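Here's the structure, in structure tokens; my notes come after.
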Amino acid sequence: GDTYKTCVYGRINLTIIQQKRGVEMFDFFKKKEKEVNTVVCSDDEFVAVANGTLVPLENVSDPAFASKMMGDGIAIELSEGTICAPCNGTLDVAYPTGHAFGITRNDGVEMIIHIGVNTVESNGKGFEVLATQGQTVKAGDPLVKVDLKSLSKKYDMVTMLIVTDPNEKEISFIDCQEVKKGQIISK
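For what it's worth, the numbering used here labels the leading residue of the sequence shown as 1, then goes sequentially.
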């Protein structure tokens with residue numbers, strides 16, 4: 001009798017509440033939609049791989065990069081941990097540890113992104129690789145998520161963009177300044 005009515009009325013009220021709220025209380029079961037990459041970049045440009053501040057390569061604490069032994073480039077002091085492709089091209093190298101990536105731009109320029117100094121020692125801890133070696137990437141496509149909070153306790157997390165083969169092209173970067181992910185940083 002009464003228990004059945006209470007159960008039915010309770011179910012009807014719950015259904016009405018769900019409809020009024022657009023079933024938002026069950027939205028956590030839905031998969032989150034992928035972030036849409038809206039970066040526009042030509043094949044001869046580079047963009048900022050994350051939000052942060054550009055710094056001269058000579059100022060980084062790793063002498064191999066600061067001396068430009070591997071090539072010229074720029075560094076970025078990260079203010080957030082999702083690192084994106086700096087150009088349109090092919091992801092030739094994706095270290096499973098997530099600390100470094102090699103990309104050949106569509107115009108043949110080769111470059112590496114090295115996240116942090118000595119971060120290879122973390123053996124991938126604090127890095128969630130989002131891209132696959134061999135895939136075609138568009139500037140702004142996410143490559144790796146980095147746990148800046150935990151990694152920066154042990155490592156300098158400055159991130160280097162090194163042009164290892166300019167393919168006979170003149171490559172230069174904008175002056176050091178604060179940048180947003182996807183902002184064009186080549187000139």
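Every residue, glycine too, gets a C-beta built ideally from N, C-alpha and C.
Just so we're clear, the structure is a prediction, and the values are computed from it rather than from any experiment.
query	result
Three-state secondary structure assigned by DSSP to F65	helix
At least 3 beta-carbon pairs within less than 8 angstroms: the region 77 to 87 vs the region 43 to 59	yes
For K145, the residue or residues it bridges with in DSSP	T82, E128
Residue from M111, E121, K153 whose Cα sits closest to the Cα of M70	M111
V60, DSSP secondary structure in three states	coil
Stretch-stretch touch, CB-based, cutoff 8 angstroms, three pairs: the region 116 to 127 with the region 161 to 179	no
From T90, S61, D72, residue whose alpha carbon lies closest to that of T132	T90
Cβ neighbour criterion (16 or more within 10 Å) applied to G102	buried
Backbone secondary structure at T97 - three-state DSSP	coil
Validate contact between the region 84 to 98 and the region 137 to 144 using beta carbons, cut 8 angstroms, 3 pairs	yes
Whether V158 touches D72 by CB criterion (7 angstroms)	no
Residue range of the beta strand (DSSP E) that includes D165	159 to 165
Cβ neighbours of A48 in the same chain (closer than 7 angstroms, five flanking residues each side left out)	I76, V179, K180, K181, G182, Q183, I185
DSSP beta-bridge partners of A75	V55, M160
Given V36 as reference, the closest of P142, V146, K154 once Cα atoms are compared	P142
D156 and S61 closer than 7 angstroms at C-beta	yes
Where the beta strand (DSSP E) containing M111 begins and where it ends	110 to 115
Buried versus exposed call for A64 [16 or more other C-beta atoms within 10 Å across all chains shown]	exposed
Nearest to I115 (by Cα), restricted to the options T38, G108, S42, S152	S152
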